[in-house]
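Residue numbers (our numbering): 12 to 229. Comments concern the structure below.
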Amino acid sequence: MLGLLAPCQLLADVGTDHGLLPIHAVRRGLARHALAIDLREEPLQGARRNLERAGEQARVTALCADGFTGLSGRAVDAAVLAGLSGRTIERLCGEALRSLPELRQLVVQPNQGVDTLRAWAHGAGLHLRDEAMIEEHGRAFVVCAFAPGSGPDPAYERTSASLAIAFRVGPWLLARKDVVARRYCEAQRQRLSTLVLGGSSTLAAELGEFDSACQLFG
């Protein structure tokens, strides 16, 4: 995820778990300071221990909070959210846009619903600055970097795909003919073909999108 994070002053890592990401962010010079935020006190205790071991208590602060609640007085200009559903990330990012006027970038890794997240961001005036697909333990995950923008999002002008297909697969991944994304689309096309042939007609539209995406990959 840090590969898509541009240098910032104050990073908010929502759902930080053990606080390792903000530690790496400040050590790599990507963030001057960071907030390690989690709703549960138990992982925060582990985060505080990791901060102490790393000697980064001065640059990283652990906070118990629900998303961005209570951060309106802090000059957060970047945020990271990982391991949450696309719908949850939508809600939290919407709150962030309303309450954090200095926010300039959102780097997110949803565990599901990345297509609806891209669509929401497109309608909310967030431009898709970059994206990447990674494979871990046989599963594919997408990391998206959004930034407030005005006018049409240039990312969607990089591909001839319809918006529906670009939301489903990712305009940057399609434009780059990303190898991991190509493999993922081919696997989805095969899986959905089997289900549709077995009688799952409700999946026909999704199958059509992945079939078109595979043709775009070439």
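All C-beta atoms in this analysis are idealised placements derived from N, C-alpha and C, irrespective of residue type, glycine included.
- DSSP, reduced to helix, strand and coil, places GLN56 within a helical segment of the structure shown.
- Excluding residues up to 5 positions away in sequence, CYS19, GLN20, LEU21, VAL37 and ARG70 lie with their Cβ nearer than 8 Å to the Cβ of ARG43 in the same chain.
- By the C-beta criterion, the segment 52-59 is judged not to be in contact with the segment 76-95, since fewer than 3 inter-stretch pairs fall below 8 Å.
- Counting along the chain, the unbroken alpha helix (DSSP H) around THR127 starts and ends at 125-134.
- Taken through DSSP and simplified to helix, strand or coil, VAL154 comes out as strand.
- Spatial neighbours of LEU31 in its own chain (CB-CB distance under 7 Å, excluding positions within 5 residues in sequence) are listed in chain order as ASN61.
- Short of 7 Å from the beta carbon of GLU146, and not among the five residues preceding or following it, lie these beta carbons of its own chain, in chain order: VAL191.
- By the Cβ-count criterion, CYS75 is exposed, with fewer than 16 other Cβ atoms from all chains shown falling within 10 Å of its own Cβ.
- Taking 8 Å as the cut-off, the Cβ atoms of ALA17 and PRO33 do not count as close.
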